[in-house]
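A.B. asks:
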Amino acid sequence: MKLNKIAMGVALSLTALSCANAETINLARPERVKKDLSSAAEINLSPAPINISSASPGGNIALSSSPKPTINSSVRPDIVGGEMKLSPKLALVPEVRISSAGNILTVSGPTTTIKIVAFNDFHGQLESPGTLRKDPGATPNVAVGGVDWMAGYIANLKSQNPNTVVVSAGDIIGATPLVSALFHDEGTIETMNRLGLDFNSVGNHEFDEGKAELKRMQTGGCHPTDPNTCRGVDVGTPVPFEGAKFKFLAANVVDTANGKTIFPSYAIKVVDGVRVGFIGMTLKETPTIVTPSGVAGLEFKDEAATVNALIPQLRARGVETIVVLIHQGGVVPTTQSVSTINMCAGGLSDSPIKAIVNQLDDEVDLVISGHTHQAYNCQIANKDGRLISVTSANAQGRVLTDINLTVNKAIGEVSAVSANNIVVDRTNAAITPNAAIKSIVDKYKTIATPIANRVIGTISADINRTLTPAGESALGDVIADAQLLETQGVGFGETVVAFMNPGGIRADLTYAQSAAEGAGNLTYGEAFTVQPFGNTLVSLTLTGAQIHTLLEQQFTGCTVGYPANAPVTGQPFNRILQVSNGFSYDWQEKGTPCDNVDPASIKINGIQVDPAANYRVSVNNFMADGGDQLYVLTQGTNRLGGALDLDALENYFSVNGLVAPGPKNRINLLP
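Numbers given in the numbering used here equal positions in the sequence shown, counted from 1, plus 781.
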């Protein structure tokens, strides 16, 4: 915006003068004045000059206005009659402080503090997920989480400041425990309504049951086929299912049939007179980690480009305070614990979220992230090099982020941001858990308990997901063996090997009892927590050469056989598949894409795999459709659908009786 020289010849950017439908200028951030001065209409102040008085150069300058100034309508013809209305904000800006060189130093005026309470990756964890260690060492743990305790903490924070907004950075549903998943996560939505959630940016797991089911989560109504739905009469909530009273946001998810986003791109909430914009962003790579049928017909666009394109729309609507809720994150090289949740070790170096923030427009004031299940509190440079807060709150309700924005009410600009991750400590006597929410959860649990507590087998010791350096786990071995057993029979697939994606294994099997089932006994609820997706097994035929390609596609950099719309860099990290008994191979990091696995080492029952021969393999339907970027599996022929993965695991325990941890000797990492 070009301003006529006034008084001492100092050019001032005047957010206090607001044009109808015109762009405004930021006084609160001097580094952005130059950009603002060059991007808007020309204001002609000569018919109605702004009076300036100053005791001395660099002193306090008081602004007052004469009758309405005009705007050059040839520059902004959309302003009828060429008249610019003075914003009421003008009266709220008493002082602008400048230097003797004419640089704007500060804008004084009334401020307000807006509190934002954030979390991410809740995953339907209505009950406590367990504990969080006090520090990275072997010290006592703290009992954490539970949606009733989360609500208690949020109520306590709201009591400190009524100007509070509660937000989530995605994955509130999907990959959930039985107490939520059995009822298609309706209980999670109902308790989030009562917790006071305002906005949720849609994460990848919200698409686990497809677009139509996700939209039902927002709008309400009963599930079309499952009787375990609309249980409000039993739990004390409305019937039919009420749907989310908070808003789902998904700025970068477009329905290709109509070119529109499936949910609003952003929401504006007026807090103590300040218009705050919340932009919701979904993981761009969602199609690569969700069953393809669940995202059919949807396009997932670049996160940073989408945010930046929305900035002019928000500013045109009078929004200067902008918060991005994004389901993408980074990793800190520190063991997650109470003592480390506010650290930013490594500065999120080389992470997807850092790359995104580095591209963001300077208008963005705060980024609330998720997806990686990490707790961190960082300062990351935006496109202009200015550091902005980037936060994440671990997962499953263990942590909340308490954020305070100091905002100049006159111009809507954020002058300060403070953030603090706090543990949802269930032993905190100062917090009162929400009794009404606990009642809903307890009643859902009562319905689910007979199913959850049914014993399906026994284990001899803990069976964990902990990976060897080669990428193999004891639990991965067991699950792959269960799937091979289910599909190797005549008429059931005749498979010779089963592959299991590690991301589909969501918890460990623990020897200690979880309820009253007795130590070593495995319940259906515990097994469900390990494999909560309800995937079906698929048997298909691959050549030996395709099996080799499958193994290479596990590793970063190998894009052989990738479709045109696939990520050009390959896997974001190595995804080592878990393999069944009798299958083995060697690998090593050679630094050359698609050259990590020695083909001669790939063996089934000790016999080298023939590249030209056909082999029947078992995978889950997520993998069979190219999930986790395992695109070669889409070329498999003679497909045969099979049992649910969880049913296969239950059958394996039934057949084998006592099950020991897997041997972890099938995948060999060469030096």
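Where is the CB? At the ideal position from N, CA and C, for every residue including glycine.
Could you tell me which residues DSSP puts in a beta bridge with G1238?
C.D. replies: Taking the first residue of the sequence shown as 1, we reach residue 1238 at position 457. Paired residues: L1303.
A.B. asks: Quick one: is S940 buried, meaning 16 or more other Cβ sit within 10 Å of its Cβ, or exposed?
C.D. replies: Within the sequence shown, numbered from 1, the residue matching residue 940 stands at position 159. Under this definition S940 is an exposed residue.
A.B. asks: Evaluate the contact criterion for the region 1174-1187 versus the region 899-912: three or more CB pairs, one atom per stretch, below 8 angstroms.
C.D. replies: As far as the Cβ criterion goes, the region 1174-1187 touches the region 899-912, which means the pair count is three or higher.
A.B. asks: Under the three-state reduction of DSSP, which class applies to G1387: helix, strand or coil?
C.D. replies: The residue you call residue 1387 lines up with position 606 of the sequence shown. Reduced to three states, the DSSP call for G1387 is coil.
A.B. asks: Looking at the structure shown, is Q1327 part of a helix, part of a strand, or coil, going by DSSP?
C.D. replies: Locating residue 1327 in the sequence shown gives position 546, counting from the first residue. Here Q1327 sits in helix by DSSP.
A.B. asks: What did DSSP end up calling K1445 once you bin it into helix, strand or coil?
C.D. replies: The count along the sequence shown starts at 1 and reaches residue 1445 at position 664. Residue state, collapsed to three classes: coil.
A.B. asks: How big is the Cα-Cα spacing for A1077 and G918?
C.D. replies: Here residue 1077 refers to the residue found at position 296 when the sequence shown is read from its first residue. Here residue 918 refers to the residue found at position 137 when the sequence shown is read from its first residue. One C-alpha to the other measures close to 45 angstroms.
A.B. asks: Does the Cβ of P1392 have 16 or more other Cβ atoms within 10 Å, making it buried, or fewer, making it exposed?
C.D. replies: The count along the sequence shown starts at 1 and reaches residue 1392 at position 611. With fewer than 16 other Cβ atoms within 10 Å, it is exposed.
A.B. asks: By the three-class DSSP mapping on this structure, what secondary structure does G1111 have?
C.D. replies: Here residue 1111 is taken as the residue at index 330 of the sequence shown, counted from 1. G1111: coil per DSSP, three-state reduction.
A.B. asks: Could you give the residue range of the alpha helix (DSSP H) that holds S1150?
C.D. replies: Here the question's residue 1150 lines up with position 369 in the sequence shown. Note, S1150: premise wrong, no alpha helix (DSSP H); not H, not E.
A.B. asks: Is it the case that the Cβ atoms of L1106 and V948 are separated by a distance below 8 angstroms?
C.D. replies: For this step, residue 1106 is matched to residue 325 along the sequence shown. For this step, residue 948 is matched to residue 167 along the sequence shown. Yes, the pair counts as a contact, with Cβ atoms nearer than the cut-off.
A.B. asks: Do you know whose CA, among L1079, K1050, F903, lies nearest R1098's CA?
C.D. replies: As a first step, residue 1098 must be located in the sequence shown, where it is residue number 317. For the residues L1079, K1050, F903, the minimum Cα distance to R1098 belongs to K1050.
A.B. asks: Sorted by chain position, which residues of the same chain lie with C-beta nearer than 6 angstroms to L1451's C-beta, five sequence neighbours on each side aside?
C.D. replies: Looking up residue 1451 in the sequence shown gives position 670. Same-chain partners within the cutoff: D1367, Q1369.
A.B. asks: Here's the rule: buried if 16 or more other CB atoms are within 10 angstroms of the residue's CB, otherwise exposed. What is A993?
C.D. replies: As a first step, residue 993 must be located in the sequence shown, where it is residue number 212. Under this definition A993 is an exposed residue.
A.B. asks: Please check the pair I935 and F903, which I expect to be a contact at CB under 8 angstroms, by giving their CB distance rounded to whole angstroms.
C.D. replies: What you label residue 935 is simply residue 154 of the sequence shown in a count that begins at 1. What you label residue 903 is simply residue 122 of the sequence shown in a count that begins at 1. 13 angstroms between Cβ atoms; not a contact.
A.B. asks: In the DSSP output, which residue or residues are listed as bridge partners for K896?
C.D. replies: Sequence index remark: in the sequence shown, residue 896 carries index 115 (1-based). DSSP lists T945, N1185 as partners of K896.
A.B. asks: When you compare the region 1418-1427 with the region 1337-1346, are there three or more beta-carbon pairs, one atom per stretch, that lie closer than 8 angstroms?
C.D. replies: Output reads no: the region 1337-1346 does not touch the region 1418-1427.
A.B. asks: Closer than 8 angstroms by C-beta to G1342: which residues in its own chain qualify, once you throw out the five before and the five after it? Chain order, please.
C.D. replies: As a position in the sequence shown, residue 1342 is number 561, starting the count at 1. Excluding residues within five positions, the ones whose Cβ falls inside 8 angstroms are T1330, Q1334, Y1412, V1413, Q1416.
A.B. asks: Round the Cβ separation of P1444 and A1242 to the nearest angstrom and send it over; I've been treating them as touching at under 8 angstroms.
C.D. replies: On the sequence shown, position 663 is the one that residue 1444 refers to. On the sequence shown, position 461 is the one that residue 1242 refers to. Incorrect: roughly 13 angstroms between the Cβ atoms, too far for contact.
A.B. asks: Could you check the C-alpha separation between L784 and T1115 for me, to the nearest Å?
C.D. replies: Here residue 784 refers to the residue found at position 3 of the sequence shown. Here residue 1115 refers to the residue found at position 334 of the sequence shown. A caution first: L784 carries a pLDDT of 26, below 50, which makes its placement in the model too unreliable to give a value.
A.B. asks: Following the continuous beta strand (DSSP E) through M1062, name the residue where it begins and the one where it ends.
C.D. replies: On the sequence shown, position 281 is the one that residue 1062 refers to. Element bounds for M1062: 1055-1062.
A.B. asks: Along the beta strand (DSSP E) that carries D1036, what are the first and last residues, could you check?
C.D. replies: On the sequence shown, residue 1036 is found 255 positions in, with the first residue counted as 1. Looking at the DSSP string, the run of the beta strand (DSSP E) that includes D1036 is 1034-1036.
A.B. asks: Alpha carbon to alpha carbon, how far is A1288 from V960? Give it in angstroms, no decimals.
C.D. replies: The sequence position of residue 960 within the sequence shown is 179, counting from 1. The sequence position of residue 1288 within the sequence shown is 507, counting from 1. Distance between the alpha carbons of V960 and A1288 is about 16 angstroms.
A.B. asks: Do S982 and H1154 have their C-beta atoms within less than 8 angstroms of each other?
C.D. replies: Position 201 of the sequence shown, counted from the start, is the residue given in the question as residue 982. Position 373 of the sequence shown, counted from the start, is the residue given in the question as residue 1154. No, these two residues do not count as a Cβ contact at 8 angstroms.
A.B. asks: Between which two residues does the alpha helix (DSSP H) containing A1263 stretch?
C.D. replies: As a working mapping, residue 1263 is identified with position 482 in the sequence shown. That run of the alpha helix (DSSP H) goes 1255-1268.
A.B. asks: Thinking C-alpha only, which one of V1236, P1283, Q1269, R1235 is nearest D1258?
C.D. replies: Residue numbering aside, residue 1258 sits at position 477 when the sequence shown is read from its first letter. For the residues V1236, P1283, Q1269, R1235, the minimum Cα distance to D1258 belongs to P1283.
A.B. asks: What's the gap between the Cα of D1409 and the Cα of N944?
C.D. replies: Against the sequence shown, residue 1409 aligns to sequence position 628. Against the sequence shown, residue 944 aligns to sequence position 163. Whole-angstrom Cα-Cα distance: 42 angstroms.
A.B. asks: Taking DSSP as the reference, what is the three-state secondary structure of E1431?
C.D. replies: Numbered from 1 along the sequence shown, position 650 holds the residue referred to as residue 1431. It is helical.
A.B. asks: May I have the straight-line CA-CA distance separating L1266 from G1438, to the nearest angstrom?
C.D. replies: For the purposes of this step, residue 1266 is taken as the residue at position 485 of the sequence shown. For the purposes of this step, residue 1438 is taken as the residue at position 657 of the sequence shown. If you take the alpha carbons of L1266 and G1438, they lie about 14 angstroms apart.
A.B. asks: Could you check where the alpha helix (DSSP H) with T1464 kicks off and where it finishes?
C.D. replies: Outside the modelled stretch of the chain, which goes from 782 to 1452, sits residue 1464, for which no answer is possible.
A.B. asks: Measuring alpha carbon to alpha carbon, tell me which residue in G1166, F1434, N1401, V1236 is nearest P1073.
C.D. replies: Here residue 1073 corresponds to residue number 292 of the sequence shown, with the count starting at 1. Ranking the options by Cα distance to P1073, first place goes to N1401.
A.B. asks: Can you give me the start and stop residues for the alpha helix (DSSP H) that V1222 sits inside?
C.D. replies: Locating residue 1222 in the sequence shown gives position 441, counting from the first residue. Run containing V1222: 1216-1233, per the alpha helix (DSSP H) assignment.
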